[in-house]
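When we follow the working numbering, the leftmost residue of the sequence shown carries the number 31, and every step to the right adds one.
Note that CB positions come from ideal geometry on N, CA and C, so glycine has one too.
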Amino acid sequence: MDTAVIVVTVAVALAALVAIVAVAVIVGRPTAHVERPSAVLSSAFRRAIGVGLDSGTWESIEEALLEADVGVEATTHIVETLRRASPTEVGRAVEVLKEGLVTEMSARDRSLRLEGDPAVILVVGVNGTGKTTTIAKLANRLLKEDKTVLLAAADTFRAGAMAQLGVWGVRLGVRVVGGQEGGDPASVAYDSVDSARAAGTDVVIIDTAGRLHGQRNLMAELTKIHRVAGGERVDEVLLVLDATLGQNTLVQARQFSAAIPVTGVVLTKMDSTARGGIVVAVERELGVPVKLVGDGEGLDNLQPFDPVRFVDSLLENP
Ligand code: GDP
Ligand code: MG
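Rendered as structure tokens:
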């Protein structure tokens, strides 16, 4: 480890201690399981089929799908399938609807690619979507799989952001490489990969800034971070999207994927929305798989995304 890395590591550790109380409060808070993501769709669906199955039912289901953020294109497909199948009993209608939703998400490889030595995961997304928390949860998962992890605090825009990652690092017992506030995030990314390679660490997870203002600078910055972190050899570029933001989620998805080759989506705060259908819309929009779903603020609230289970939960009894 060179001196610069030691210095920044120490700086981050100190900042971490300052902020440790704050995270202790967050961690101590009970996980917010507000509502099942499905509530909008399942209750509208029950209402629709409650009055019998006819053409009016399909219209109500169409409305319910749109309301659940499934998106216009996918909704049109699904309702077409329903109309064509014209199921006459409720059980069959539910089946057709489930099949329609699962088909919209199609078979995709949702596993994390971790082949590099070290494997590099770059995490991007707008501030507040849950990047840093997701990184901590992901590190926690990888540690449980007996992998060694290094975190890179390349959100040098705000000292608080680096400190937040530092706190998670202390809590998880993993090394965090940081930089000066306002320093070059790309050099933090570079140092972290370099340092992980030297130490034989399995996975580097890079946290990045996500300020909305000066978006163009941000995108240029992310492109540079991506390049110095290995470019095409970066194993995963995970775009973190907040499921509660509805259509804004899609706007963000477009902006980020235009600037950087996103390989997977993490949809956070699925515990705080009644409109889980955004998963379907995001996949269609980006053409990349939703790989992970955040369902709370705790370290264990990160799940691999399973479309079949997800669709089942969408249509559970409200
Ligand atoms: P960042 O700015 O993108 O790094 O976002 P943070 O990781 O700092 O998260 C912003 C807020 O969202 C924090 O209060 C997190 O605890 C919260 N958060 C992140 N993921 C989830 C989730 O899956 N569910 C809920 N309910 N809150 C989350
Ligand atoms: Mg952050």
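Inter-segment contact for the segment 211 to 222 and the segment 244 to 259 is present: three or more beta-carbon pairs are separated by less than 8 Å. Below 8 Å, too few C-beta pairs join the segment 124 to 142 and the segment 238 to 255 to call them touching: fewer than three.
When C-alpha distances from P334 are compared across E103, V310, R171, D99, the shortest belongs to R171. Taking each of M192, A94, E129, E125 in turn and checking the Cα distance to G306, the smallest one comes out for A94. In the three-state scheme derived from DSSP, where H, G and I count as helix and E and B as strand, I290 is classed as coil.
With fewer than 16 neighbouring CB atoms inside 10 Å of its own CB, E262 falls in the exposed class. At least one heavy atom of the ligand MG is found less than 6 Å from the C-beta of T162. Shown here, E119 sits in coil according to DSSP, grouped into three states, outside any helix or strand.
For R241, the three-state secondary structure derived from DSSP is coil. For A182, the enclosing beta strand (DSSP E) begins and ends at 179 to 184. Taking 8 Å as the upper bound for CB-CB distance, L242 and A273 are not in contact here, some 18 Å apart.
With distances taken between CA atoms, V234 lies nearest to I151 out of S343, R76, I151, V341. The beta carbon of P148 sits closer than 7 Å to the beta carbons of V223, A226, R227, T231, D232, V233, V234 from its chain, once the five residues preceding and following it are set aside; these are given in chain order. Excluding the 5 residues flanking it on each side, R246 has no same chain C-beta neighbour closer than 6 Å. For E93, the enclosing alpha helix (DSSP H) covers residues 85 to 97. Boundaries of the alpha helix (DSSP H) harbouring K174: 161 to 174, taken from the DSSP string.
Across the set T238, L83, E103, E145, the C-alpha of T238 shows the shortest separation from the C-alpha of G158.
Per DSSP, the continuous alpha helix (DSSP H) segment holding P337 begins and ends at 337 to 344. In this structure, DSSP gives Q210 a state outside helix and strand, which the three-state scheme calls coil. Your pair L71 and L344 checks out as a contact, with CB atoms roughly 5 Å apart and the cut at 8 Å.
Bounds of any beta strand (DSSP E) do not take in G230, whose DSSP letter is neither H nor E. In the three-state DSSP reduction, P334 falls in the strand class (E or B). Remark: the shortest separation between the CB of K299 and any heavy atom of the ligand GDP falls under 6 Å.
At the C-beta level, L127 and W88 stay beyond 7 Å of one another. In the structure shown, E266 falls within a strand segment according to DSSP collapsed to helix, strand and coil. D272 sits in a strand when the DSSP states are folded into three classes.
When only Cα atoms are considered, L202 and A166 end up about 8 Å apart. The residue among F286, L316, K299, G213 with its C-alpha nearest the C-alpha of G324 is K299.
Nearest in C-alpha terms to D301, of all of G326, S287, G317, L96, is G326. Assignment of beta-bridge partners to I255 by DSSP yields no partner.
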